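In my numbering, the protein residues as written are 20 to 466.
Structure, as structure tokens:
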Amino acid sequence: MRSLVRKRPLLAMTLPAMLMLIIGMLAGQLVRSPDQVAADAAPPAPATLTSRVALGKIQRTESADARLEQTQIALVSPAIPTSAARPIVSALWVDVGDEVTQGDALLDVGGRPTFLMPGRVAAYRALGPGMNGPDVTQLQVGLRSLGYSVEEGETTFGASTKSAVTRFYEDRGYSVVEVGGEELKAAEDAFTAADRAAATAETALRRAKRDYDHAVEAAEALGPAERPTLDGVDDATSAVEFAHEDLEAAREAVNTARAAAGPQIPLGEVAFLVFLPVTVDKISVVVGREVGEGTVQLAAGPLSAIATFPRPVGDAVSIDNHATLIAPDGERWEGVVSNVKLVSETESESDDRVEVTVSLNVPIEIPSGSTMRVNVATFTSPFDQLMVPEAALVTSADGETRVRVEKGQEVRDVVVTVGESGDGMVAVTPVTEGTLAEGDLVVIGVG
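Structure below.
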């Protein structure tokens, strides 16, 4: 009880002191001199805005909307069966935007298909048994790539190619067009007749020899007499020789007819394309109507950006000029101009339009038909130079052009000569060598 009493006076003295200290601190924060109030109300000191000196090529660019397209275009005209009274489109197996590849059917006309196969030689004739050439070779390559057996040494549309073509059609639900059947039957009938004629001639020869032997025996039984002649035997022998010559000719005719008989691919039932797979770009046929001049347009190859500019701008664009494709989210892809062509010509040249195609340096996964912004260079300096923003240039009363270089707290003036300009940048060369370098900070304004 005594210790508690002794501590209370000390606590009574400490609490008021602490309270006065807190009040003093708060007053120091809230009560300010007139000079402090004026200093706090003044605007902040201005800050310099800077940009780094760059080393590169000066460019002047023009911008336009561009659509992304595959620029390798193929028009496929469907096969028209010769037996069809009216070439009606009986089936359409693809839609716009579909990706199709080798072995796929695009459509049917009168029940006959049009397939895709790889190849650089365009289809220009029907392909059938016994034929050869680069179109036959690329057909064989395509069949092999689809898993069908074609002998490597077979350079013509031979037996293994016939078998592969038949299987290819049957696997897709179609019958093959057969050719040479009547000629083969006629040749086989002629061979059968020649074989019978040879057999008959051999029988006649045996009979002639037997008759001659009997005649010789009879003449010897009668005593000395004139021996019978071999005329009948000789004639029969000649007949046998002729019959065998005819039989061999008939055999060769059968072999020739057999080689020329079998499945045929009519013109138009296979379209050979350099690029596969491809995308269906446009369809101008309608199921249930005559095919007419309708086609299926296919697009292949990497995406390119296609933009149109007024002719005065387009005339300043050249092949291999640098270009940049810009997505809505700001992503960028670099490329070069690959084609420039006049697409509309009017009485006023200023109203003409020039189409510019930009090939991208790397493939991009963007849907064909998308629209983006493209910047195309109309001028590029031939070599790298020091560059600064136009806002960095200051012209003094004596006519000299300067840039202000900031380093730490120091700012110094550098006299420069001005070169080409483009897209807000200016090429500069310091009058005194070594006073300006890539990466230096130059003042472009005060913020």
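Even glycine gets a Cβ: it sits at the ideal position worked out from N, Cα and C.
Every value quoted in this text rests on a predicted model; they were computed, and no experiment measured them.
Would you kindly work out how many angstroms separate the C-alpha atoms of SER337 and LEU405, rounded to a whole number? 25 Å
With 16 other Cβ atoms within 10 Å as the buried cut-off, status of LEU94: exposed
Quick one: measure Cβ to Cβ for GLN157 and PRO137, integer angstroms, because I've assumed they're closer than 8 Å. 7 Å
Are three or more beta carbon pairs between the region 211 to 218 and the region 191 to 201 nearer than 8 Å? no
Where does ASP151 fall in DSSP's three states? Just to set this straight, residue 151 is Asn in the shown sequence, not Asp. DSSP places ASN151 in strand when its eight states are reduced to three.
When the Cα atoms are used, what is the spatial distance from ASP403 to LEU74? 6 Å
Should PRO382 be labelled buried (16 or more other beta-carbon atoms within 10 Å of its own) or exposed? exposed
Grab me the residues of ALA326's own chain with a C-beta within less than 6 Å of its C-beta, minus the 5 sequence neighbours each way, in chain order. ALA83, ALA85, VAL375, VAL393
Neighbourhood of VAL160 by C-beta distance below 8 Å, restricted to the same chain and skipping five residues each side: PRO137, GLY138
Nearest neighbour of GLU207, chosen from VAL140, ALA240, ARG277 [CA to CA]: ARG277
Neighbourhood of VAL332 by C-beta, 6 Å cutoff - its chain only, sequence neighbours within 5 removed: GLU81
Do ASN358 and VAL395 have their C-beta atoms closer together than 8 Å? no
Would the region 216 to 225 and the region 182 to 193 be scored as touching if the rule is three or more Cβ pairs under 8 Å? no
LEU241: buried (16+ other C-beta within 10 angstroms of its C-beta) or exposed? exposed
Return the chain-ordered list of same chain residues with a C-beta closer than 8 Å to the C-beta of ARG423, the five sequence neighbours on each side being excluded. ALA411, VAL413, VAL430, ARG431, ASP432, VAL433, VAL461, VAL462
Do you know how far the Cα of ALA145 is from the Cα of THR101? 12 Å
Starting from VAL259 and walking both ways along the alpha helix (DSSP H), at which residues does that stretch end? 250 to 279
Taking the beta strand (DSSP E) that ARG467 belongs to, which residues open and close that run? Residue coverage of the chain in this structure runs from 20 to 466, which leaves residue 467 outside it and unanswerable.
LEU292: which of LEU111, SER96, ARG105 sits nearest, CA to CA? SER96
Return the CA-CA distance between GLY464 and LEU68, expressed in angstroms with no decimal places. 5 Å
Can you check whether the CB of VAL373 is closer than 8 Å to the CB of ASP334? yes
8 Å Cβ cutoff met for SER369 and PRO408: no
Complete runs of the beta strand (DSSP E) confined to the region 177 to 246 [at least 3 residues]: 196 to 198
Helix or strand or just coil, what does DSSP make of THR451? coil
Touch test, the region 342 to 357 against the region 384 to 391, Cβ-Cβ under 8 Å, three pairs minimum: yes
According to DSSP, is GLU419 helix, strand or coil? coil
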